[in-house]
Amino acid sequence: MRCRQMLLSGTVLGAMLVSSGCSIQPWVKPYERDRLADPIMAWDRDAISSAYLDHIRESREGSRGATGGAGGGCGCN
Amino acid sequence: MTNRHIFARAAVIAALLLVRSTSADVLPDDRADVFYSKYSGGGMDITGYSATARAKITENFAVEANYFIDKVSGASIDVLSQASQIKDERKQKSGTIEYLHDKTTYTASYTSSVERDYISDTASISLSQDMFGDLTTVTLGFSDTHNTVGENNGTANDPNVAWIGHALSRAYSGGVSQIVTKNFIAGVNLQVITDAGYLANPYRSIRYLDPTNPKGYSLGNQVYPDTHTSTAVQVQGKYYLPYRAAVTAIYRYYTDTWGVVGNTYELDYTHPIKNRWIFEGRVRYYKQSAASFYSDLFPFADSQNFVARDQNLAALDNTTVGAKVTYAFLPDGWKFFKRGTVTFDASRIRFNYLDFRNIKDYGVPQYTPGTEPLYSFNANVFQVFVSVYF
Amino acid sequence: MLSTRVLLKRCAMAAIVVASTAFAAGGDASGPAPSFTLTTLAGQPSGLSAYKGQVVMVNFWATWCGPCQQEMPLLDQMYKKYKPAGFTLIGVNVDKEAPPVKQLLERKPVSFPVLLDPANQVSKAYHVDEMPSSVIIDRKGQIRYIHRGYKPGDENDYQDRIRQLIRE
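Protein chains in written order, with this note's numbering: chain A, -12 to 64; chain B, 270 to 659; chain C, 2 to 169.
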């Protein structure tokens, strides 16, 4: 119960900080993201394969959760 | 429930992973995959088939559907009293919708998994927001799972399933991904999962010392707490090497209210060749401590309020070595296909149990209970899939 | 400790605030357009000064940028349509190396001039903060409009602005 409360407080604080701090200038410019846009820099190129490997692990281990990643990429709009 | 009941539960949570990784600038390309997998190890053979397709309905709205079938056969270490083979089939369907608005991606998905003695349904939502010049991505997610647990009191070919309980599970997740330099991206994820209800595997039993039994021990029912809360934190980083390759490092820490503490370490290396090939190698090491109410051999019947001998809750470690090769048979597209690839992925996992003993009777002289060899086995996991992008 | 429900409500509200932070796709801008000289794929020098007196759209693009590729054919159509009326489109490519650019343009050629900015000097001078970006410059060399990103339908926006500036 405590963990959950902490996670939620952290989220609220984070969201508030973020909504006030959107004016930071990016130090990696959008035209410098060529390497980050390379498919080899994706956290997960094949979600179906990673989901399957995680499924194998979670069925044989006592741990679960927190896998995956978002973000990166070309940042194009 | 076969011991891959845990597969079903895990699979539904893993289905959330299909929801996890969108960055909120443009929706990913349309794509379809056909997938085959084979797991063999510990006496079990599991074959999986899957098909997935995703498509953008408009520039801001995409849908994805996935269908998965698992076929299990074999007899695992923990089928003690029943000498019969397990044979079962699990079918899973899931649907996801994604909506992109400015720098936010909203995702909702529903997954349903059905097998003869286990039904699991999960609904999940998540939100992913790009900020600070698109260098930072914050993701929040929530999912709700309902499981119905049964026990097959018949045989594999002539089942007789009794429904024995329900379990509810809620997962809360948060993650931050940060572009640190032109070559380096880092991330941290946190996930808290709480379960309540019937949380044990009905096919597994405990054993306790019993001098009245010729084997020296007798079997008993597991008794699990009816609640469970776990917290996992994962940190990861990916670095672009100047000659065009990527190296990834992942560490995850897990702890829960059952006393299990798990540490996962993983290192991946990705090496492409032009536009045609991508080679990947991975090494993973996992170690966990046993649950507080776990024991391979209890001193007598009813020695504790909660008792378990499920190998997933034992002290164990495992090491995985894996390799993956992707070949683009359509590197630059053809007609309306943007790209087509075929991928082979093979892993070998060595499982070592530190306090779970191999008590299957192979016709060798009886061991004094508690001195049987510790269990360990190797598993091979193979996947092949064809992906087309359009 | 606040109750979970209160926290959840606050979390949801904060998330909505964050999510609704609008990010305008395009905006009026002002100031003289920085002049520049870059080379074409063929190695010939060229720059903004070559198109003095015309309405110029400078489009910043890269081979690794999906939306950039999406808008290129539409930009090409637009270029062919308004060129007779005194309009030019310059594609400033920001890739670090030329071979992928050459390969892409061989497969999907465009008729408007493409200049290479591997050192990103022009991108910096124009404060490019989104990929792709299109900067529309009037006949007097003043920046009038900056469009960030590309979503299908944005080409109508470009055309409206271009027609307006051509008529001036």
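Glycine is no exception: its CB is placed at the ideal position from the N, C-alpha and C atoms.
As the structure is a prediction and not an experimental result, all values here were calculated from the model.
Which residues does DSSP pair with residue i in a beta bridge?
i                 : result
Lys362 of chain B : B:Tyr336 and B:Ser381
Lys556 of chain B : B:Asn532 and B:Asp586
Pro149 of chain C : According to the sequence provided, residue 149 of chain C is Arg. The question's Pro does not apply to it. The partner list for Arg149 of chain C (beta bridge, DSSP) reads C:Ser134.
Gln12 of chain A  : Gln12 of chain A is not bridged to any residue.
Gly28 of chain C  : C:Ile147
Ser224 of chain B : Chain B is shown only over 270 to 659; residue 224 of chain B falls outside these bounds and no answer can be derived.
Trp546 of chain B : B:Ile542 and B:Tyr596
Glu420 of chain B : B:Ala431
His669 of chain B : Absent from the model: residue 669 of chain B. The displayed extent of chain B is 270 to 659, so no value can be given.
Ala331 of chain B : B:Lys325 and B:Glu367
Trp603 of chain B : B:Phe606
Thr68 of chain A  : Since the first residue of chain A shown is -12 and the last is 64, residue 68 of chain A is not available in this structure.
Val492 of chain B : B:Val576
Ser561 of chain B : Looking at the DSSP assignment, Ser561 of chain B forms no beta bridge with any residue, so it has no partner.
Leu404 of chain B : Looking at the DSSP assignment, Leu404 of chain B forms no beta bridge with any residue, so it has no partner.
Ser438 of chain B : B:Thr414 and B:Asp464
Closer than 6 Å by C-beta to residue i: which residues in its own chain qualify, once you throw out the five before and the five after it? Chain order, please.
i                 : result
Ala518 of chain B : Gly506 and Leu536
Gly32 of chain C  : Ile144
Phe24 of chain C  : Because the pLDDT at Phe24 of chain C is just 43, under 50, the model does not fix this residue reliably, and the point stays unresolved.
Val590 of chain B : Val552 and Arg617
Gly49 of chain A  : none
Phe659 of chain B : Asp299, Phe605, Phe606 and Lys607
Gly528 of chain B : Ala560 and Ser561
Val530 of chain B : Thr524 and Ser558
Thr321 of chain B : Asp302 and Asn335
Ser381 of chain B : Lys362 and Asp390
Tyr308 of chain B : Ile315 and Val650
Can you list, in chain order, the residues of its chain with a C-beta nearer than 7 Å to that of residue i? Leave out the 5 residues immediately preceding and following it.
i                 : result
Lys103 of chain C : Leu42
Lys16 of chain A  : none
Phe569 of chain B : Tyr477 and Leu478
Asp158 of chain C : Gly27 and His148
Gly56 of chain A  : Trp30 and Asp31
Ala352 of chain B : Note that Ala352 of chain B has pLDDT 46, beneath the 50 cutoff, so the model's placement of it is unreliable and the number below is only indicative. None.
Phe575 of chain B : Val492, Tyr493, Pro494 and Phe562
Tyr52 of chain C  : Thr89
For the beta strand (DSSP E) holding residue i, just list the boundary residues, first then last.
i                 : result
Ala301 of chain B : Arg300 to Gly310
Val56 of chain C  : Val56 to Trp62
Ala615 of chain B : Arg608 to Arg626
Leu105 of chain C : Unbroken run through Leu105 of chain C is the alpha helix (DSSP H), Pro100 to Arg108; no beta strand (DSSP E).
Tyr658 of chain B : Leu643 to Tyr658
Leu39 of chain C  : Thr38 to Thr41
Leu117 of chain C : Val115 to Leu117
Where do the ends of the alpha helix (DSSP H) carrying residue i lie?
i                 : result
Glu19 of chain A  : First-last for Glu19 of chain A: undefined, no H or E at that position.
Asp314 of chain B : Per DSSP, Asp314 of chain B belongs to no alpha helix (DSSP H); it is in the beta strand (DSSP E), Met313 to Thr327.
Ile91 of chain C  : Not the alpha helix (DSSP H): Ile91 of chain C falls in the beta strand (DSSP E), residues Phe88 to Asn94.
Lys125 of chain C : Gln122 to Ala126
Asn157 of chain C : Asp155 to Arg168
Gly67 of chain C  : Gly67 to Tyr83
Ser47 of chain C  : Careful: Ser47 of chain C lies outside any alpha helix (DSSP H), inside the beta strand (DSSP E) at Pro46 to Gly48.
Tyr39 of chain A  : Ala34 to Arg47
Ignore the nearest five residues each way along the sequence and tell me which others in residue i's own chain have a CB closer than 8 Å to its CB.
i                 : result
Ser350 of chain B : In this prediction, Ser350 of chain B scores a pLDDT of 42, lower than 50, which makes its location untrustworthy; the coordinate-derived value is nonetheless stated afterwards. If we look at Ser350 of chain B and ignore the five residues flanking it on each side, its Cβ neighbours are Ser474 and Leu488.
Asp294 of chain B : Lys372, Asp399 and Asp403
Val57 of chain C  : Ala34, Leu49, Phe88, Thr89, Leu90, Ile91, Ile137 and Ile138
Trp661 of chain B : The question about residue 661 of chain B has no answer, for chain B in this structure spans 270 to 659.
Asn532 of chain B : Tyr520, Arg521, Tyr522, Tyr523, Tyr555, Lys556 and Gln557
Lys97 of chain C  : Pro119
Gly59 of chain A  : Leu23, Met28, Ala29 and Trp30
Below 6 Å, is the gap between the Cβ of residue i and the nearest heavy atom of the ligand NAP?
i                 : result
Ala501 of chain B : As far as ligands go, the structure on display features none, and thus does not contain the ligand NAP.
Next on the checklist: Report the start-end ranges of each beta strand (DSSP E) in the stretch 495 to 534 of chain B that is 3 residues or longer and not cut off at the edges.
Outcome noted: Secondary structure within the stretch 495 to 534 of chain B: the beta strand (DSSP E) runs of 3 or more consecutive residues, fully enclosed, are 496 to 510 and 514 to 525 (chain order).
Checklist entry - Mind listing which residues of the stretch 289 to 319 of chain B have their C-beta closer than 9 Å to chain C's C-betas, in chain order? => result Of all residues in the stretch 289 to 319 of chain B, the ones placed with a Cβ closer than 9 Å to any Cβ belonging to chain C are Asp294, Val295 and Asp298, in chain order.
Checklist entry - Which ranges does the beta strand (DSSP E) cover as unbroken runs of at least 3 residues, wholly within the stretch 442 to 489 of chain B, from first to last along the chain? => result List check, beta strand (DSSP E) in window: 453 to 466 and 474 to 478.
Checklist entry - In chain order, what residues of the stretch 110 to 126 of chain C put their CB closer than 7 Å to some CB of chain A? => result Taking 7 Å as the Cβ-Cβ cut-off, the stretch 110 to 126 of chain C approaches chain A at Asn121 and Ser124, given in chain order.
Item to check | Members of the stretch 35 to 55 of chain A that neighbour chain B once the beta carbon cut-off is set at 9 Å | outcome: Of all residues in the stretch 35 to 55 of chain A, only Ile35, Ser36, Ser37, Ala38, Tyr39, Leu40, Asp41, His42, Ile43, Arg44, Glu45, Ser46, Arg47, Glu48, Gly49, Ser50, Arg51, Gly52, Ala53, Thr54 and Gly55 come within less than 9 Å of chain B when Cβ atoms are compared, listed by chain position.
Checklist entry - Got a sec: which bits of the stretch 60 to 88 of chain C sit with their beta carbon under 8 Å from any beta carbon on chain B, in order along the chain? => result Residues of the stretch 60 to 88 of chain C whose Cβ lies closer than 8 Å to any Cβ of chain B, in chain order: Gly67 and Pro68.
Checklist entry - Any residues in the stretch 402 to 420 of chain B with a beta carbon nearer than 8 Å to a beta carbon of chain A? Which ones, in chain order? => result Listed by position, the residues of the stretch 402 to 420 of chain B near chain A (Cβ gap below 8 Å) are Gly402, Asp403, Leu404, Thr405, Thr406, Val407, Thr408 and Leu409.
Checklist entry - Which residues, taken in chain order from the stretch 124 to 148 of chain C, show a beta carbon closer than 9 Å to some beta carbon of chain A? => result Flagged, chain order: Ser124, Lys125, Val129, Asp130, Glu131, Met132, Pro133 and Ser134.
Item to check | Near-chain A residues of the stretch 455 to 477 of chain B (beta-carbon distance less than 8 Å), N- to C-terminal order | outcome: Answer set for the stretch 455 to 477 of chain B: Gly456, Asn458, Leu459, Gln460, Val461, Ile462 and Thr463.
Checklist entry - Mind listing which residues of the stretch 88 to 109 of chain C have their C-beta closer than 8 Å to chain A's C-betas, in chain order? => result Answer set for the stretch 88 to 109 of chain C: Val95, Asp96 and Lys97.
Next on the checklist: Please identify, using Cβ separations under 9 Å, the residues of the stretch 580 to 601 of chain B that lie next to chain A, in order along the chain.
Outcome noted: Under the 9 Å Cβ criterion, the stretch 580 to 601 of chain B contributes Gln580, Asn581, Leu582, Ala583, Leu585, Asn587, Thr589, Gly591, Lys593 and Thr595.
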